[in-house]
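Numbering (my numbering), first residue to last: 243 to 632.
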Ligand SMILES: Cc1ncc(COP(=O)(O)O)c(C=O)c1O
């Protein structure tokens with residue numbers, strides 16, 4: 243068979259090697275404590291599951307659904323934005339439901355780009371931020387987002403020095419993998435800049451509800467005057483309501499871009515299974531207590547992780563938001579690459595983490611820990627770690 247050139251642009255995940263060692267260790271009966279993949283482990287709240295079960299009993303719900311999302315769902319998302327961010331959205335023209343935000347990001351990349359277009363994406367990044375454009379054959383340039391970087395200076399520098407005009411910039415705060423948050427002032431600056439330069443902003447707000455202090459509560463870029471002229475924002479049910487497997491997310495904002503995403507999706511899918519959409523309406527209309535409870539689980543895990551790992555000899559910076567801790571490789575192992583250190587943790591401490599390099603070259607020197615293990619297992623990991631650090 244002829245070689246598939248496109249695969250050259252899709253190298254196997256760096257995580258594949260860590261996963262291989264992890265699977266190998268598990269097959270030998272080892273109990274690996276897994277901070278690797280960001281796969282929320284808490285069950286979806288019961289009232290949402292109950293609604294799904296009720297909806298699936300209705301044979302009408304078994305038909306093809308609506309690609310852009312049933313109107314009740316888009317309305318519920320618009321109401322969430324108004325309640326949470328004081329942002330008014332027209333649910334007919336400014337909201338589209340997606341099959342998880344990942345699908346929305348990928349198809350937005352498809353509809354935005356023709357080969358030769360240039361896009362500016364964060365590095366390190368959640369992979370689809372870059373690979374959506376790579377798959378569609380466009381050019382990429384990267385900006386760094388580590389804590390010490392001044393974001394607007396970095397972004398403007400990259401735009402100005404690009405050989406070809408930048409068509410869109412992806413931003414993602416709170417960030418996966420670095421957990422960095424951004425200020426409202428940053429949103430103001432980037433909206434002004436994007437309007438001036440005629441650049442589209444794609445804002446990924448998947449962690450809108452996973453924050454640990456009122457002062458760090460994420461804002462929406464759409465709160466900024468003029469943002470709707472240039473920006474689309476993506477949100478996700480996966481973390482907010484612990485619904486990762488349901489595949490439900492949204493894109494909202496600029497009418498033209500939402501219509502473009504809606505159009506391309508109409509060629510590709512028939513929307514999520516209707517009972518999932520109906521149950522997602524229930525989720526969005528939930529009492530805030532449910533979101534608070536999920537947030538609290540991550541906060542408690544974060545506190546235990548930071549404290550117990552510090553006692554074991556590894557000081558991890560406490561994340562202000564997201565379900566991740568992003569840590570420099572501890573001093574004792576500074577000479578190792580992130581992949582080598584991840585392998586060492588697996589082989590000597592039965593702990594799985596994600597090597598920073600897997601999120602882009604500027605992620606080297608760091609590892610990401612997902613807070614998807616319960617308190618008891620975090621403490622067990624700390625005990626294993628203590629032996630290694632000695
Ligand atoms: C920053 C970010 N964006 C988007 C997603 C995708 O979420 P989903 O497709 O489940 O909505 C994730 C998942 O981990 C993420 O971390």
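Idealized CB from N, CA, C, for every residue including glycine.
Residue nearest to residue 304 within the set 512, 321 and 564 is 512 (criterion: CA-CA distance). Beta-bridge partners of residue 540 (DSSP): none assigned. If you draw a straight line from the Cα of residue 273 to the Cα of residue 460, it is about 36 Å long. In the displayed model, residue 504 falls within a helix according to three-state DSSP. Your pair residue 524 and residue 295 does not check out as a contact, with CB atoms roughly 11 Å apart and the cut at 8 Å. Residue 270 counts as exposed, since fewer than 16 other beta carbons sit within 10 angstroms of its beta carbon. In this structure, residue 370 and residue 409 do not form a Cβ contact; the two beta carbons are roughly 17 Å apart against a cut-off of 8 Å. Within the DSSP bridge table, the entry for residue 381 names 360 as partners. Boundaries for residue 612: no alpha helix (DSSP H) harbours it, while the beta strand (DSSP E) harbouring it runs 608-612, taken from the DSSP string.
Shown here for residue 341: same chain residues with a beta carbon closer than 7 Å to its own, the five before and five after excluded, namely 489, 511 and 514 in chain order. Straight across, the Cα-Cα distance linking residue 591 with residue 419 is about 22 Å. Secondary structure of residue 521 (DSSP, three-state): helix. Approximately 16 Å separates the beta-carbon atoms of residue 469 and residue 350; this is outside 8 Å, ruling out the contact.
The C-alpha of residue 260 is placed about 44 Å away from the C-alpha of residue 334.
Counting only runs of at least 3 residues, the segment 375-455 fully encloses the following beta strand (DSSP E) elements, listed from N- to C-terminal order: 381-386, 408-413 and 442-446. Taking non-hydrogen atoms of ligand 1 into account, the C-beta of residue 448 is found less than 7 Å away from one of them. Annotation: the continuous alpha helix (DSSP H) that includes residue 620 extends over 617-631. For the pair residue 527 and residue 534, the Cα-to-Cα distance works out to about 14 Å. Rounded to the nearest angstrom, the Cβ distance from residue 329 to residue 465 is 6 Å, consistent with a contact under 8 Å. In the structure shown, the three-state DSSP call for residue 334 is coil.
Here residue 451 is not near residue 544, since their CB atoms are 8 Å or more apart.
A contact between stretches requires three or more CB pairs, one per stretch, nearer than 8 Å, and the segment 352-359 fails this requirement with the segment 591-600.
One thing to note: residue 575 has its Cβ within 8 Å of the Cβ of residue 586. In this structure, DSSP gives residue 545 a helical state, which the three-state scheme calls helix.
Ligand 1 has a heavy atom closer than 7 Å to the beta-carbon of residue 368. Approximately 7 Å separates the beta-carbon atoms of residue 365 and residue 385; this is inside 8 Å, confirming the contact. In terms of CA proximity to residue 618, 276 leads the group 276, 406 and 250. For residue 285, the shortest separation between its Cβ and any heavy atom of ligand 1 does not lie below 7 Å. Annotated as proximal: residue 491 and residue 477, with beta-carbon spacing under 8 Å.
By a beta-carbon distance limit of 8 Å, residue 331 does not contact residue 522. Their separation comes to about 16 Å. Looking at 252, 256 and 278, the one whose alpha-carbon comes closest to that of residue 623 is 278.
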